[in-house]
Amino acid sequence: MTGAHAAALKTNARPAPALELSGIHKHFGAFHALKNIELTVNRGEFVCFLGPSGCGKTTLLRIIAGLEIQTSGTILQAGRDISRLPPADRDYGIVFQSYALFPNLTIAENVAYGLVNRRVSRVDITTRVNELLKLVGLPDSGGKFPSQLSGGQQQRIALARAIATSPGLLLLDEPLSALDALERVRLRQEIRSLQQRLGITTIMVTHDQEEALSMADRIVVMNHGVIEQVGTPMEIYREPASPFVVDFVGKANVLEGLVTATGKLKLGDHTLDCAQCTETGRSVRTYLRPEDIVARPIEAGDANVIDAAIEKVEFLGSYCLVRVTATGFPSALTVYLSLNFLSEQALEVGSRLKLKILTERLRMFGA
Amino acid sequence: MNPARGPHSLALPPAAVTTQRVHWTDRIGHLALLLIALALVVFLAAPLTAILTQSVEGKDGAFVGLDNFITYAQTPALKQSVWNSLWVSAVVTVIAVPAAFVFAYALTRSCMPFKGLFRTITLTPLLAPSLLSAISFIYWFGNQGVLKDAMHSLGVASIYGAPGIIVSEIFSVFPHALMILVTALSLADARLYEAANAMGTSSSRKFFTITLPGAKYGLISAAMVTFTLVMTDFGIPKVIGGNFNVLATDIFKLVIGQQDFQRGAVVGLILLAPALLTFFVNRSVQRKQTSMLTARAVPYSPSPSRGYDAVMTMYCILVALLMFAVLGMAIFASFVKFWPYDLSMSLRHYVFGLVDGEVGDAFINSLKLASGTAVLGTGIVFVGAYLIEKTRGMQAVRPLIQLLALTPMAVPGLVLGLGYIFFFNYPGNPLNGLYHTLTLLVMCTIVHFYTTGHLTAVTALKALDAEFESVSASLKVPFFKTFWRVTLPICTPALLDIARYFFINAMTTISAVVFLYSPETKVAAIAILNLDEAGDIGPAAAMAVLIAAGSTVATLLFMVLGWLVNRHTQAWRRPAAS
Chain A
14 MTGAHAAALK TNARPAPALE LSGIHKHFGA FHALKNIELT VNRGEFVCFL GPSGCGKTTL
74 LRIIAGLEIQ TSGTILQAGR DISRLPPADR DYGIVFQSYA LFPNLTIAEN VAYGLVNRRV
134 SRVDITTRVN ELLKLVGLPD SGGKFPSQLS GGQQQRIALA RAIATSPGLL LLDEPLSALD
194 ALERVRLRQE IRSLQQRLGI TTIMVTHDQE EALSMADRIV VMNHGVIEQV GTPMEIYREP
254 ASPFVVDFVG KANVLEGLVT ATGKLKLGDH TLDCAQCTET GRSVRTYLRP EDIVARPIEA
314 GDANVIDAAI EKVEFLGSYC LVRVTATGFP SALTVYLSLN FLSEQALEVG SRLKLKILTE
374 RLRMFGA
Chain B
3 MNPARGPHSL ALPPAAVTTQ RVHWTDRIGH LALLLIALAL VVFLAAPLTA ILTQSVEGKD
63 GAFVGLDNFI TYAQTPALKQ SVWNSLWVSA VVTVIAVPAA FVFAYALTRS CMPFKGLFRT
123 ITLTPLLAPS LLSAISFIYW FGNQGVLKDA MHSLGVASIY GAPGIIVSEI FSVFPHALMI
183 LVTALSLADA RLYEAANAMG TSSSRKFFTI TLPGAKYGLI SAAMVTFTLV MTDFGIPKVI
243 GGNFNVLATD IFKLVIGQQD FQRGAVVGLI LLAPALLTFF VNRSVQRKQT SMLTARAVPY
303 SPSPSRGYDA VMTMYCILVA LLMFAVLGMA IFASFVKFWP YDLSMSLRHY VFGLVDGEVG
363 DAFINSLKLA SGTAVLGTGI VFVGAYLIEK TRGMQAVRPL IQLLALTPMA VPGLVLGLGY
423 IFFFNYPGNP LNGLYHTLTL LVMCTIVHFY TTGHLTAVTA LKALDAEFES VSASLKVPFF
483 KTFWRVTLPI CTPALLDIAR YFFINAMTTI SAVVFLYSPE TKVAAIAILN LDEAGDIGPA
543 AAMAVLIAAG STVATLLFMV LGWLVNRHTQ AWRRPAAS
């Protein structure tokens, strides 16, 4: 037995990942849309491709679907090389932003569209369609036409159509962006629980960080055709790997600082205690989330407390986005303060207050 | 880590680019694409190339460079024709475009009553061959015309020649200019007028600062199209031109009369020039026109104004009456027993002139040609547009098809027909057997009117979700099944539009087929020319009326068909009953 054979047997012992992308490049003429994408998606996982428009996330999804062809690189689906296969020979269901329901076919005919071609009996098709319509919460809509449903309902039907043939992979291309805000929030939880119930490996493209954070098992943050970071939503938010990720996911205050000694970070005139500051003499750009600057609880004798004055209050509902200036700080800071706190303390523009900086949450990148 | 594989490396595309395997169902699409490309090459590119080669060959087939052009330029009679064609076309443009503009303005920017009726009346000339107006004007102002003396008192000695060509052409190009201008004037953004009103702008200032600039491109386009239509029209100058020579009649005399293919090719190329210019100006104009109107624009709706609406109505009634006078005279004269001596009604011209003269067969041929063109043409055009718009692969062939699909718009029928003679009449051509057959007439007519059909199909297809095909592929449904179940049913209204367009144009066209018929395949529009030439103007009028009647019946049938089909295939467009 050859070594290669033995290795193959060894990997067979454990099921291959749902999807393995390696060395994916995509060129559109002189434009390098995707650069050396390496990614593994596990079985049953919900992965979000998150990034600004033009970052290559949709291109990557279309390459996985075979709707675009990568310039180079390989794609394995459940261990099978699908790099060169046409879409019809791959195993996936897809939902587009536009729903792409066939307008002249009824809802039932739309959902059954892929089943009809598989020599499934008429009775089985009807049973399966009813089951799917129930699954997406629209059990009685089979006889209607797509134009008679709302956008959210149409997207549920598109989802039912995509999973009708029980594909091994579900691809969602910005499925929620065409919906209004309320419907979007409702549907994202529905999609997520459906995905968990079916255990179907899912990749969703989105530019909406909130969507990605609330739905995904893992997020792939992309920018300029490169993967910036892969991680769980909490990792992406709390431990962003690059300035781009901090900026793109959540809000952050950016402050220029200098590590003056081990455990000491100088920001303007202030020197803060900071356990992760180890390289003395290094100038750093620090990123600080608004919620990591807190107004309470602050005990007497707490370190890293600053005096600040309120410059501007932006009312957002239960929370307010408050801009404060602290004497001796390199720039103004943005913090979240609850509406109740502001009214209890009778704080308004011009008021002074104490704020504590949670320095263990600081992220630093070389300036 | 190998630096070349780092995520930020500026790697160049590798030499071996990954290619996708082709699914067997997609190969069917590729084959169809190739067939369409082949058909367009054989029936369009090759004939046009034949004109180019003829124009630089001597009678013995040897290459003579530009000798034919030089000889042509030294022939005073032919130079006179160039000048005649140019000035007549210019005069028609200067009169017809402003007249059509006012009419279009009344239709789009006034609260005049009966707009639909006015619009229908002014589009009727499209249902008959253009030379119907020439026949009618002969009855009005010809040697035995009703109003000959009135014309003389205006200082016009004879209708035969430039005066006749000009009035007949104005009548026949009017609907073409009108359609373009109505489209241009409908594209108005009400917000601009509201803003102007808010600033207290006078009506005339609004017209010159908003309306006219907005319709600028439409006006340019209408003028170019009118000029080219007149320049390349053959029927009208043939019937009413008398001894007044223009390029379009020269080409016929040179090729059919004198069998001088080389000089015919030279004239053909000269006629191609304004058509090509029009084509390119139109393309750039259309791009600018559409970009002027954003998706957020609010459609303009006129508000009533009694005096102004009354003036507009009067003008439109006047134009409609003139249209009736022209159309009505042809119909009247076709039933008159013996013009101008016995004005009693009879079917003499229809019975003796057409049926006994065996020209009735020509009408049957016309119906065959029109049906063949409508069925085959709609099929080819729609499948071609579908394959271009909605399928993948065969990237090398696609630009060729796109170019060839747009080319017919830039080629006058007369030039296309000339190319067909040169190419299909060439003894060495294996397709020589097609010459003089109805099949070739059908193919020529399809190609002649290809572009409009193609653009209609493309517009309908572009309105469909671009992801239908992707979804089908992901569901493992072959593209042709989705084409049949989804694309085709949704596009049936567009298909009927294309079929009707082909049918009507095949009924009325003369220019391309005039070179290609044999006695057995002569069509009705050509029969009019022959009858007129033989002095049988009564039967000629009868034939023209018969064509117009046939086109009208066909239009009505298409409307009924459209209604039936819509009920069947477009149910999904209606809101829910419950």
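The listed protein sequences derive, respectively, from chains A and B. The first sequence finishes on residue 380 if you use my numbering, and the numbering steps up by one all the way, no holes. The second sequence finishes on residue 580 if you use my numbering, and the numbering steps up by one all the way, no holes. Here a beta-carbon is modelled for each residue, glycine too, at the ideal position from N, C-alpha and C.
Alpha carbon to alpha carbon, what distance is there between residue j and residue i?
i: residue 522 of chain B; j: residue 479 of chain B; result: 48 Å
i: residue 384 of chain A; j: residue 26 of chain B; result: For residue 384 of chain A there is no data in the structure shown, the boundaries of chain A being 14 and 380.
i: residue 580 of chain B; j: residue 161 of chain A; result: Any reading at residue 580 of chain B must be qualified, since the residue scores a pLDDT of 40, below 50, and its modelled position is unreliable; the value itself is stated next. Residue 580 of chain B and residue 161 of chain A: Cα-Cα distance of roughly 10 Å.
i: residue 35 of chain B; j: residue 507 of chain B; result: 26 Å
i: residue 21 of chain B; j: residue 142 of chain A; result: 36 Å
i: residue 127 of chain B; j: residue 463 of chain B; result: 30 Å
i: residue 310 of chain B; j: residue 189 of chain A; result: 51 Å
i: residue 23 of chain A; j: residue 179 of chain A; result: At residue 23 of chain A, the pLDDT of 49 sits below 50, so the modelled position is not reliable; the number obtained from the coordinates is stated separately. Rounded to whole angstroms, residue 23 of chain A to residue 179 of chain A spans 28 Å at the Cα level.
i: residue 342 of chain A; j: residue 336 of chain A; result: 13 Å
i: residue 93 of chain B; j: residue 448 of chain B; result: 31 Å
i: residue 252 of chain B; j: residue 119 of chain B; result: 39 Å
i: residue 19 of chain A; j: residue 493 of chain B; result: Bear in mind that a pLDDT of 46 at residue 19 of chain A, under 50, signals an unreliable position, so the model cannot answer this.
i: residue 556 of chain B; j: residue 395 of chain B; result: 39 Å
i: residue 106 of chain A; j: residue 97 of chain A; result: 18 Å
i: residue 373 of chain B; j: residue 502 of chain B; result: 10 Å
i: residue 451 of chain B; j: residue 384 of chain B; result: 13 Å
i: residue 51 of chain B; j: residue 423 of chain B; result: 12 Å
Just reading off the beta strand (DSSP E) that residue i is part of, what are its end residues?
i: residue 287 of chain A; result: That residue, residue 287 of chain A, is in no beta strand (DSSP E); it is neither H nor E in DSSP.
i: residue 493 of chain B; result: Looking at the DSSP string, residue 493 of chain B is not in any beta strand (DSSP E); the run it does join, the alpha helix (DSSP H), is 490-510.
i: residue 369 of chain A; result: 365-370
i: residue 298 of chain A; result: 296-301
i: residue 324 of chain A; result: 318-328
i: residue 109 of chain A; result: 106-109
i: residue 34 of chain A; result: 32-41
i: residue 274 of chain A; result: 266-274
What is the C-beta distance between residue i and residue j, in whole angstroms, given that I count them as a contact (C-beta under 8 Å)?
i: residue 56 of chain B; j: residue 247 of chain B; result: No, residue 56 of chain B and residue 247 of chain B are not in contact; Cβ-Cβ is about 21 Å, not under 8 Å.
i: residue 182 of chain A; j: residue 219 of chain A; result: Actually they are not in contact, since the Cβ atoms of residue 182 of chain A and residue 219 of chain A sit about 17 Å apart, beyond 8 Å.
i: residue 123 of chain B; j: residue 322 of chain B; result: 5 Å
i: residue 552 of chain B; j: residue 509 of chain B; result: 6 Å
i: residue 173 of chain B; j: residue 328 of chain B; result: 5 Å
i: residue 237 of chain B; j: residue 531 of chain B; result: 7 Å
i: residue 277 of chain B; j: residue 131 of chain B; result: So it is not a contact: roughly 20 Å between Cβ atoms.
With which residues is residue i paired in a DSSP beta bridge?
i: residue 204 of chain B; result: Partner(s): none; residue 204 of chain B has no beta bridge.
i: residue 203 of chain A; result: According to DSSP, residue 203 of chain A bridges with nothing at all.
i: residue 347 of chain A; result: A:336
i: residue 90 of chain A; result: A:32 and A:93
i: residue 61 of chain A; result: A:217 and A:232
i: residue 242 of chain A; result: A:234
i: residue 379 of chain A; result: A:297
i: residue 283 of chain A; result: A:280
i: residue 144 of chain A; result: Its beta-bridge partners do not exist; DSSP assigns none.
i: residue 116 of chain A; result: In the DSSP output, where bridge partners are listed per residue, residue 116 of chain A has none listed.
i: residue 325 of chain B; result: Paired residues: none, contrary to the question.
Measuring CA to CA, which of the options is closest to residue i?
i: residue 405 of chain B; options: B:386, B:392 and B:22; result: B:386
i: residue 86 of chain A; options: B:18, B:97 and B:30; result: B:18
i: residue 357 of chain B; options: B:39, B:43 and B:529; result: B:529
i: residue 44 of chain A; options: A:72, A:31 and A:60; result: A:72
i: residue 148 of chain A; options: A:182, A:157, A:294 and A:124; result: A:124
i: residue 338 of chain B; options: B:350, B:402 and B:79; result: B:350
i: residue 388 of chain B; options: B:407, B:398 and B:371; result: B:407
i: residue 178 of chain B; options: B:32, B:397 and B:220; result: B:220
i: residue 548 of chain B; options: B:47, B:361 and B:562; result: B:361
i: residue 116 of chain A; options: B:465, B:76, B:561 and B:537; result: B:465
i: residue 147 of chain B; options: B:31, B:194 and B:242; result: B:242
i: residue 300 of chain A; options: A:287, A:82, A:327 and A:260; result: A:260
How far does the alpha helix (DSSP H) with residue i in it reach, from first residue to last?
i: residue 52 of chain A; result: Premise fails: residue 52 of chain A lies in the beta strand (DSSP E), 44-54, not in any alpha helix (DSSP H).
i: residue 135 of chain B; result: 133-143
i: residue 1 of chain B; result: Within the shown structure, residues of chain B are numbered from 3 to 580, placing residue 1 of chain B beyond reach of any answer.
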